[in-house]
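Chemist:
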Amino acid sequence: MNLYQKIFGPICLVLFLGAHLTLLLTILTGGTDTSILKKFYWLETDCSPYPGAPVTGYCRWTNYGICGTTEATGGDNTDCTASVAAFPFDPARNFDSNVGLPLKFHTESKYYYYVSRIGYGFQLAGLGLLFLSFLVFFHLWFFDPQVSISKIAFWVLFIGASLFIIPGVSLSTAAYVKGRDVFSDAGHHAKIGVKAYATAWTTVACLFLILLFAILMSKQAGTLSFSRFRKGEGSGSLYTWVRRPVPAKEPVAPVTPEQYPDDTTLPTQPENTTI
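Letter by letter, the sequence shown follows residues 120 to 394 in the working numbering.
#1: Any beta carbon from chain D within less than 9 Å of Pro-168's own beta carbon?
#2: Apart from the five residues just before and just after Val-255, which ones in its own chain have a Cβ nearer than 8 Å to its Cβ?
#3: Distance, Cα to Cα, Ala-305 vs Val-313?
#4: At the level of alpha carbons, what is the spacing between Gly-128 and Leu-246?
#5: By how many angstroms is the C-alpha of Ile-146 removed from the C-alpha of Ile-311?
#6: On a Cα-Cα basis, can you pick out the residue from Leu-290, Phe-257, Asp-300 and Pro-286 that is closest to Leu-134?
#7: Pick from Leu-243, Asp-209 and Ser-267: whose alpha carbon is nearest that of Ala-319?
#8: Who are the Cβ neighbours of Ser-216 in its own chain at under 6 Å, not counting the five residues just before and after it?
#9: Looking at the secondary structure, which residues open and close the beta strand (DSSP E) in which Lys-297 lies?
#10: Between which two residues does the alpha helix (DSSP H) carrying Tyr-231 extend?
#11: Nearest to Thr-153 by alpha carbon, out of Leu-290, Thr-197, Gly-287 and Trp-180?
#12: Is DSSP giving Cys-131 helix, strand or coil here?
#13: Residues bridged to Leu-162 by DSSP?
#14: Count the other CB atoms, across all protein chains shown, that sit within 10 Å of the CB of Arg-179; report buried if there are 16 or more and exposed otherwise.
#15: Cutting at 7 Å between CB atoms, please list the residues of its own chain near Asn-136, excluding the five before and the five after it.
#16: Would you kindly check if the distance between the Cβ of Phe-241 and the Cβ of Pro-286 is under 9 Å?
#17: With burial defined as no fewer than 16 other Cβ atoms inside 10 Å of the residue's Cβ, what is the status of Ile-130: buried or exposed?
#18: List the DSSP bridge partners of Cys-437.
#19: My output table needs one value for Thr-151: the three-state DSSP class, helix, strand or coil.
#20: Check the DSSP bridge columns for Thr-197 and list the partner residues they point to.
#21: Who are the Cβ neighbours of Leu-142 in its own chain at under 6 Å, not counting the five residues just before and after it?
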């Protein structure tokens with residue numbers, strides 16, 4: 120195990136575990152009001168002006184429903200509606216009556232509905248791929264297999280997870296931040312849930328760091344280690360630094376006239392070329 124493996128390998132493992140934890144907290148935002156998840160929500164606003172709201176006073180949107188709050192603002196989630204996975208952020212559909220709702224929630228209802236739900240789905244799919252990529256990374260780092268296909272599997276799974284998680288977090292952020300702005304423009308109190316956004320974007324930061332360290336570990340004399348697989352030069356661990364061996368120069372003995380006493384022409388001296 121080389122120096123880069125010893126340094127960046129454990130760091131990547133910690134980042135993988137951190138990404139799993141923060142993404143799981145993001146997906147479970149508002150899943151229950153009896154644990155730490157009761158402090159997680161995407162958007163809070165004053166629902167008093169809206170008679171069709173399922174919660175009186177301040178209400179909060181989570182991934183599983185709409186909740187009230189134990190305080191006027193800044194408290195915990197309470198009195199949540201029935202838990203439904205991928206609960207859409209769409210006040211025009213969430214409320215029994217649309218009386219008093221800002222007009223943009225009516226005209227852009229489909230945007231809020233689909234963007235919030237797709238964001239949740241992408242994050243959930245990304246979590247599954249991230250877990251599989253972690254298992255492959257763990258196996259490669261600890262057991263050093265001689266199968267190059269495992270290295271390709273890691274990159275495919277990890278990049279696939281990133282392509283789901285990053286757009287998923289971005290979609291959720293876009294939907295709720297835009298909704299906050301609509302409520303604020305209408306003159307109503309509205310704020311985003313700091314904890315949910317912190318865990319979501321911490322996950323994205325972990326993914327970028329894992330990618331950076333994995334690339335550094337897979338560097339081999341300026342080229343990625345899997346270039347050897349394409350050239351058919353064998354395999355090794357995911358992060359093996361191997362230089363192609365340079366053939367050694369064979370010493371050439373000088374030719375003297377004594378070696379050829381009867382010849383008038385000496386053999387041509389071979390050129391000393393560099394291999």
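Don't be surprised by glycine CBs; every beta carbon is placed ideally from N, CA and C.
Modeler: The answer reads as follows:
#1: Included in the structure is just one protein chain, with no chain D present.
#2: Ser-269, Ala-272, Phe-273 and Leu-276
#3: Approximately 22 Å between the Cα atoms of the pair.
#4: 21 Å
#5: 16 Å
#6: Phe-257
#7: When each option's Cα is compared against that of Ala-319, the closest is Leu-243.
#8: Correct list, in chain order: Pro-170 and Gly-171.
#9: Secondary structure note for Lys-297: it is in no beta strand (DSSP E), and the uninterrupted alpha helix (DSSP H) holding it is 268-304.
#10: For Tyr-231, the enclosing alpha helix (DSSP H) has its first and last residue at 228-262.
#11: Thr-197
#12: helix
#13: Trp-180 and Ile-311
#14: buried
#15: With the sequence shown as reference, residue 136 is identified as Leu, and Asn is not the correct amino acid for it. Cβ neighbours of Leu-136 beyond the five flanking positions: none.
#16: yes
#17: exposed
#18: No answer is possible for residue 437: it lies beyond the span of the chain, which begins at 120 and ends at 394.
#19: coil
#20: Gly-187
#21: Leu-246 and Thr-322
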